[in-house]
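Here the structure is laid out as structure tokens; the discussion comes afterwards.
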Amino acid sequence: EAELGAQEMESARARQAVQRREIELQAQQTAQMELSVSLDVQEKALLRKERDLGRRERGLESNTLEQGQHQNSCLQRELDVARREREVINMKRDAEIKEAQLKARERKLVELEQLANARSLEGESAKTEAERSIRAMQRKTVVMAQREKAVAEREKVLQVRAEQMVAELEKREKELEEKMKPLQSDWSSRETDCGRGDRADPRDEGVEGLRGESGSPVLEHSGGGAVYRMVPRDLHELQEARKAASLTSPRM
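Residues in the sequence shown are numbered consecutively from 1, following UniProt numbering.
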């Protein structure tokens, strides 16, 4: 009777441990769902930005051919940056989901091992079954370790790609700064560049929906005639994009 009482107490402790594991698993799943929702919000924001850039690109068709080509190249670069940011976010989300799945499986193996240990107290026949379960769990643990190693390597690759993205954004920012210098010294030139327009002639009806926006042409009067120029671009958006890329780099 004393041995049976001890076995029942041991089984009760094992059940309590399993319940605690289930609670921890539920908390982990809740955190994973919140992370997934946050990543979805970021992806939707990038999609909105991409659609907005597409609308700007379509609006530039009303400008001259030279201006339209230059604007299209600028907008295409911004679209490429937005697409790459979305790719980094998607890769990070996939890696985190796989990591969470591996952790959940590992916790399940621990729970099974605890149950096997509890059953081993019920008799010699159960002990043999528990040993088989333990051997199976050990094999599964080896497989899980290999998968975790693969996930770690994947995270390294994602981190390298994110760092490359940040470096590319910095390079593009420097290129835009270099392009701004000659534009600031030549107000009468018809060369245009992406920027934020702060004034627009109300008679300029051929540029609808673009006056005063970042990267939109502004009609100004210089001397005897009206010329198009691009106000130098506010680099705030590129800095925000670089910051977002650095934040989405996977954590080791």
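Glycine included, each C-beta is placed from N, C-alpha and C at the ideal position.
Just so it is clear, the structure is predicted and the values come from calculations on it, not from any experiment.
Could you work out which residue in M165, S36 and L109 is closest to Q138 when comparing CA atoms only? Numbered from 1 along the sequence shown, position 138 holds the residue referred to as residue 138. That would be L109, whose Cα lies nearest to the Cα of Q138.
With distances taken between CB atoms, is the gap from L53 to E78 smaller than 8 Å? Looking up residue 53 in the sequence shown gives position 53. Looking up residue 78 in the sequence shown gives position 78. Going by C-beta atoms, L53 is nearer than 8 Å to E78.
Hey, would you say E153 sits closer than 8 Å to I89, going by beta carbons? In the sequence shown, counting from the first residue as 1, residue 153 sits at position 153. In the sequence shown, counting from the first residue as 1, residue 89 sits at position 89. Not a contact, by the Cβ cut-off of 8 Å.
Residue closest to V151, alpha-carbon to alpha-carbon, out of R84, R93 and E87: The count along the sequence shown starts at 1 and reaches residue 151 at position 151. Looking at the Cα atoms, R93 is the closest of the given residues.
On a CA-only basis, which of I97, K181 and E111 is nearest A31? Give me that one, please. For the purposes of this step, residue 31 is identified with residue 31 of the sequence shown, where counting begins at 1. Minimum Cα distance to A31 is reached at I97.
According to DSSP, simplified to helix, strand and coil, what is E1? Residue mapping note: residue 1 aligns to position 1 of the sequence shown, counting from 1. If DSSP states are grouped into helix, strand and coil, E1 belongs with coil.
CA nearest to the CA of L102, picked from R147, E85 and H70: Here residue 102 corresponds to residue number 102 of the sequence shown, with the count starting at 1. Sorting R147, E85 and H70 by C-alpha distance to the C-alpha of L102 places R147 at the top.
Would you check if the distance between the CB atom of Q28 and the CB atom of A100 is smaller than 8 Å? Reading the sequence shown from its first residue, position 28 is the one you call residue 28. Reading the sequence shown from its first residue, position 100 is the one you call residue 100. The beta carbons of Q28 and A100 sit closer together than 8 Å.
Below 7 Å CB to CB, which residues in the same chain sit around K49 once its five sequence neighbours on both sides are set aside? In the sequence shown, counting from the first residue as 1, residue 49 sits at position 49. Cβ neighbours of K49 within its own chain (closer than 7 Å, five residues either side excluded): A82.
Our contact map puts E113 next to I134 with C-beta atoms below 8 Å; I'd like the distance itself, whole angstroms only. Taking the sequence shown and counting its residues from 1, one reaches residue 113 at position 113. Taking the sequence shown and counting its residues from 1, one reaches residue 134 at position 134. About 6 Å; that satisfies the 8 Å criterion.
Between M91 and the rest of its own chain, which residues show a CB-CB distance below 6 Å, the 5 nearest in sequence each way excluded? By one-based count along the sequence shown, residue 91 stands at place 91. These residues qualify, in order along the chain: L158.
Compare the C-alpha of L75 against each of E87, R55, Q7 and E85 and name the closest. Taking the first residue of the sequence shown as 1, we reach residue 75 at position 75. Among E87, R55, Q7 and E85, the Cα nearest to that of L75 is on R55.
Among E57, N117, L39 and L4, which residue has its Cα nearest to the Cα of R15? Numbered from 1 along the sequence shown, position 15 holds the residue referred to as residue 15. Put simply, of E57, N117, L39 and L4 the residue whose alpha carbon is nearest the alpha carbon of R15 is N117.
Taking the straight line between their C-alpha atoms, what separation do you get for S38 and E177? In the sequence shown, the residue the question calls residue 38 occupies position 38. In the sequence shown, the residue the question calls residue 177 occupies position 177. One C-alpha to the other measures close to 33 Å.
Mind reading off the beta-carbon distance from R21 to R84? Whole number of angstroms is fine, and I expect it under 8 Å. Sequence index remark: in the sequence shown, residue 21 carries index 21 (1-based). Sequence index remark: in the sequence shown, residue 84 carries index 84 (1-based). With a contact defined as Cβ atoms closer than 8 Å, R21 and R84 miss out at about 40 Å.
Applying the 10 Å Cβ sphere with the 16-neighbour rule, what's the burial state of V41? On the sequence shown, position 41 is the one that residue 41 refers to. So V41 ends up on the exposed side.
Using CA atoms only, rank isn't needed, just tell me which of H70, M180 and V142 is closest to E57. As a working note, residue 57 is residue 57 in the sequence shown. It is H70 whose Cα lies nearest to the Cα of E57.
Could you tell me if E155 is buried or exposed, where buried requires 16 or more neighbouring beta carbons within 10 angstroms of its beta carbon? Within the sequence shown, numbered from 1, the residue matching residue 155 stands at position 155. Taking all protein chains in view, the Cβ of E155 is crowded by 16 or more other Cβ atoms within 10 Å, so the residue is classified as buried.
Got a sec? Which residues, its chain only, sit under 6 Å from A6 by beta carbon, not counting five neighbours each side? Counted from its first residue, the sequence shown places residue 6 at position 6. The answer is none, since no qualifying residue turns up.
In this structure, how does DSSP classify R13 when only helix, strand and coil are distinguished? Looking up residue 13 in the sequence shown gives position 13. R13: helix per DSSP, three-state reduction.
Buried versus exposed call for L47 [16 or more other C-beta atoms within 10 Å across all chains shown]: Numbered from its first residue, the sequence shown carries residue 47 at position 47. Exposed, since its Cβ has fewer than 16 Cβ neighbours within 10 Å.
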